[in-house]
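Below is one structure, written out as C-alpha cells; comments come after it.
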Amino acid sequence: MARDKTVYTCSACGGTNPKWLGKCPHCGEWNTLEESVAESAGGPRHRFQSLAKAQAVMTLADIEAADVERQPTGLAELDRALGGGIVEGGVVLIGGDPGIGKSTLLLQAAERLAQHLKVLYVTGEESGAQVALRARRLGLAASPVRVMAEIQLERILAAIETEQPRFCVIDSIQTLFSDALTSAPGSVAQVRECAAQLTRAAKAQGVAMVLVGHVTKEGALAGPRVLEHIVDTVLYFEGDTHSSFRLVRAIKNRFGAVNEIGVFAMTEKGLKGVSNPSAIFLSTHGAPVPGSCVLVTLEGTRPLLVEIQALVDSGGAAPRRLSVGLDRDRLAMLLAVLHRHAGVACMDQDVFVNAVGGVRIGEPAADLAVLLAIQSSLRGKPLPRGFLAFGEVGLAGEVRPAPRGQERLREAAKLGFAVAVVPKANAPKGESRSFEGLTIHAVERIEEAIEVVRAL
Ligand code: TYD
Ligand code: MG
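Per our numbering, numbering through the sequence shown is continuous, rising by one, with the last residue being 850.
This is the structure in C-alpha cells:
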C-alpha cells in the first residue's frame with residue numbers, strides 16, 4: 395500500500411509522524427507537517443545521494459574543467475537568457491503566469507533542437523492532439539519531436555530511460571504525481587519529489603531538461619519556490635498578456651550570467667525574437683504629458699528604455715500607493731524621501747506608478763525616474779520632449795550612481811533623446827555638459843534634481 399510508504403515530516407524540527415496533524419507533536423509548531431517519502435531500508439542513502447556524479451577528493455587546481463558545451467536552441471533570445479544554450483545534464487526551471495506562452499516557447503525550441511538531437515516533450519496539461527494542433531499553427535507540422543501525454547512520474551522516468559532523449563521538456567511540473575506519495579498533484583510534496591527524481595534522471599543520463607512551473611497568485615512559483623535550489627537555471631517568462639511583448643529573464647544560472655533577458659513578441663505564428671528591443675517599452679504620446687518619465691534600465695548586458703508613468707490624485711483619509719512593475723515598498727520609501735528632502739508632499743494624495751508594457755523593474759536605478767514622474771504629475775507639468783533620468787535615491791536624499799552609466803547614456807543618445815538628469819558619478823567627466831548630442835544635468839541630491847526639472 396502506498397499509504398505505508400509516506401510519513402509527515404516537520405519542516406521546523408525534522409520530527410516525523412505517520413499522520414498529518416495541525417500541530418507538530420515534537421516541537422509544537424503549527425502547520426509544519428509535510429508529506430514525504432518514508433525512508434525505509436536503503437531509502438536514506440538513495441534520497442541523500444548528491445545530484446552530481448560522485449568524484450574523489452581533489453585539489454581545485456588539478457580538476458580539469460573544460461568549459462561546458464552548450465547546444466544553442468536556435469532561438470537567439472532564449473539562448474541569450476540561458477547563457478548560450480542548453481547544457482547536457484542541465485536542468486532549467488521556467489516559471490510564468492498561465493497563458494504567457496511557456497508551452498509555445500518550448501515547443502518552438504524543441505522543434506529547432508529536434509533537427510540535431512533526440513527530443514522528448516512530456517505534456518501533462520494538454521493531450522497529444524492539442525500539442526499537434528499547436529505545432530500545426532506554428533507551422534511545425536513535420537516535426538520529429540517525440541510527444542508523451544503523461545502525468546505519472548514513474549512512467550515518465552521509464553520513457554526517458556527507453557527513449558534516451560538529449561533534450562526533454564516537462565510541461566508542467568505541477569501536473570505530475572509520484573505513486574510514492576498520496577498527496578495531490580501540485581502539492582509541495584509532489585512537486586518537490588517529482589522535480590528531484592527528474593533532476594537525478596537528467597544528471598544520470600546527461601539529458602538537458604526543462605521543467606515548466608506555473609506561478610501562483612502570490613507570485614512565487616507554485617510551492618516550487620522550493621525547486622529553485624534543485625535546478626541549475628531558473629528562468630521567468632513575463633510580460634503583460636495584453637501586449638505582445640514577452641521577456642525571458644534568468645534569475646539563477648549555474649552556467650552563465652543572471653539578469654540577462656531575452657525579448658520576444660507573440661504573433662499569430664508563435665514567438666518571434668526581438669533583437670533590438672531598446673525602445674519597445676515606450677508609449678507613444680503625440681506631445682509630452684504630465685506624469686511620464688523615461689528611464690534607461692540595464693537588464694543584463696542590454697539597456698532598455700522604459701516609460702515610467704505616475705498619477706497623483708487627491709485621495710481619501712487613507713491614500714493609496716499602488717505600483718505595477720515596480721516595488722510598492724520602495725515607492726512608499728521614495729515618497730518619504732521626496733517629502734523630507736525636497737519638500738514635495740503627497741501625504742493626502744493617491745499615488746499610482748506603472749512601468750509601461752508589463753516590464754518588471756527591480757533595479758534601484760529606477761528611483762529618480764519614478765520621483766520625477768510623480769513630481770511631474772503632481773505639478774501637472776510634463777517633462778520636456780526627449781527627457782530621461784536614472785539613478786538610485788537613498789534615504790538621506792542622495793542620488794547614487796547606477797552601474798554602467800555611459801552605456802545607458804549612449805543608448806539614449808542613439809535613440810534621439812535630448813535631455814538627461816543623471817547621478818554626478820555617471821555624468822561625463824570634465825566641463826562638458828553634453829554627451830553625443832544629449833544635454834546632461836548631473837545631480838548629487840534629490841532636491842537638486844527637482845530644481846533642475848523645474849527650471850527646464
Ligand atoms: P501557451 O504557450 O499555451 O501559454 P502557457 O503554456 O504559458 O500557459 O500560450 C498562450 C497564449 O499564446 C494563448 O492564449 C494564445 C497565444 N498564442 C498566440 O498568440 N500565437 C500562437 O501562435 C500561439 C501558439 C499561441
Ligand atoms: Mg502551457
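Even glycine gets a Cβ: it sits at the ideal position worked out from N, Cα and C. It should be emphasised that the depicted structure is a prediction, and the values quoted were computed from it without experimental measurement.
**Request:** For residue 640, count neighbouring C-beta atoms within 10 Å of its own C-beta (all shown protein chains included) and say buried if the count is 16 or more, exposed if not.
**Result:** To locate residue 640, count along the sequence shown from 1; it is residue 246. With 16 or more other Cβ atoms from the protein chains shown falling within 10 Å of its own Cβ, residue 640 counts as buried.
**Asked** Just how far apart, CA to CA, sit residue 790 and residue 505?
**Response** Numbered from 1 along the sequence shown, position 396 holds the residue referred to as residue 790. Numbered from 1 along the sequence shown, position 111 holds the residue referred to as residue 505. Taking the straight line joining both Cα atoms gives about 53 Å.
**Prompt:** Is the CB-CB distance between residue 603 and residue 638 below 7 Å?
**Reply:** Taking the first residue of the sequence shown as 1, we reach residue 603 at position 209. Taking the first residue of the sequence shown as 1, we reach residue 638 at position 244. Between residue 603 and residue 638, the gap from beta carbon to beta carbon reaches 7 Å or more.
**Message:** For residue 841 and residue 629, I'd like the C-alpha separation in whole angstroms.
**Reply:** Your numbering for residue 841 matches position 447 in the sequence shown. Your numbering for residue 629 matches position 235 in the sequence shown. When rounded, the distance between both Cα atoms is 39 Å.
**Message:** For residue 785, count the other beta carbons within 10 Å of its own beta carbon; 16 or more makes it buried, fewer makes it exposed. Which is it?
**Reply:** Within the sequence shown, numbered from 1, the residue matching residue 785 stands at position 391. A residue is called buried when at least 16 other Cβ atoms come within 10 angstroms of its Cβ; residue 785 meets this threshold and is buried.
**Message:** If contact is defined by three or more beta carbon pairs under 8 Å, each pair taking one atom from either stretch, is the stretch 492-510 in contact with the stretch 681-688?
**Reply:** no
**Asked** Can you give the beta carbon distance from residue 716 to residue 768, rounded, assuming they're within the 8 Å contact cut?
**Response** As a position in the sequence shown, residue 716 is number 322, starting the count at 1. As a position in the sequence shown, residue 768 is number 374, starting the count at 1. Not quite, the Cβ-Cβ distance comes to about 12 Å (not below 8 Å), so this is no contact.
**Asked** Quick one: what's got a C-beta closer than 7 Å to residue 522's C-beta in the same chain, skipping five residues either side?
**Response** Here residue 522 is taken as the residue at index 128 of the sequence shown, counted from 1. Sequence-distant Cβ neighbours of residue 522 in its own chain, meaning closer than 7 Å and more than five residues away, are 541, 543.
**Prompt:** Smallest Cα separation from residue 516: which of 482, 417, 567?
**Reply:** Sequence index remark: in the sequence shown, residue 516 carries index 122 (1-based). The residue with the shortest Cα to Cα distance from residue 516 is 567.
**Alpha-carbon spacing of residue 582 relative to residue 429, whole angstroms** = Residue mapping note: residue 582 aligns to position 188 of the sequence shown, counting from 1. Residue mapping note: residue 429 aligns to position 35 of the sequence shown, counting from 1. Distance between the alpha carbons of residue 582 and residue 429 is about 9 Å.
**Message:** As an exercise, report each continuous alpha helix (DSSP H) stretch of at least 4 residues that is fully enclosed by the stretch 526-572, in chain order.
**Reply:** 547-557
**Request:** Have a look at residue 734 and residue 763 and give me their C-alpha separation to the nearest angstrom.
**Result:** As a position in the sequence shown, residue 734 is number 340, starting the count at 1. As a position in the sequence shown, residue 763 is number 369, starting the count at 1. Cα to Cα, the separation comes out at about 18 Å.
**Item:** Backbone secondary structure at residue 835 - three-state DSSP
**Value:** In the sequence shown, the residue the question calls residue 835 occupies position 441. Here residue 835 sits in strand by DSSP.
**Request:** Indicate whether the contact test is met: 3 or more Cβ pairs, each with one atom in the stretch 828-842 and one in the stretch 790-806, closer than 8 Å.
**Result:** yes
**Message:** Please tell me whether, using a cut-off of 6 Å, the distance from the CB of residue 656 to the nearest non-hydrogen atom of the ligand TYD is below it.
**Reply:** Taking the first residue of the sequence shown as 1, we reach residue 656 at position 262. No.
**Item:** Closer than 6 Å: residue 497 CB and nearest the ligand MG heavy atom
**Value:** Translated into positions along the sequence shown, residue 497 becomes position 103. Within the cutoff, so yes.
**Asked** With DSSP run on the structure shown, which of helix, strand or coil describes residue 666?
**Response** Here residue 666 corresponds to residue number 272 of the sequence shown, with the count starting at 1. In the structure shown, residue 666 sits in a strand (DSSP, three-state: E or B).
**Message:** With DSSP as the reference, identify every bridge partner of residue 411, one or two as the case may be.
**Reply:** Locating residue 411 in the sequence shown gives position 17, where the first residue counts as 1. Answer by DSSP bridge pairing, in chain order: 402.
**Item:** For residue 704, the residue or residues it bridges with in DSSP
**Value:** The residue given as residue 704 occupies position 310 in the sequence shown. Residue 704 pairs with 747.
**Prompt:** What is the C-beta distance between residue 654 and residue 694, in whole angstroms, given that I count them as a contact (C-beta under 8 Å)?
**Reply:** Looking up residue 654 in the sequence shown gives position 260. Looking up residue 694 in the sequence shown gives position 300. 3 Å between Cβ atoms; contact.
**Message:** Given this structure, state the Cα-to-Cα distance separating residue 850 from residue 805, to the nearest angstrom.
**Reply:** Locating residue 850 in the sequence shown gives position 456, counting from the first residue. Locating residue 805 in the sequence shown gives position 411, counting from the first residue. One C-alpha to the other measures close to 22 Å.
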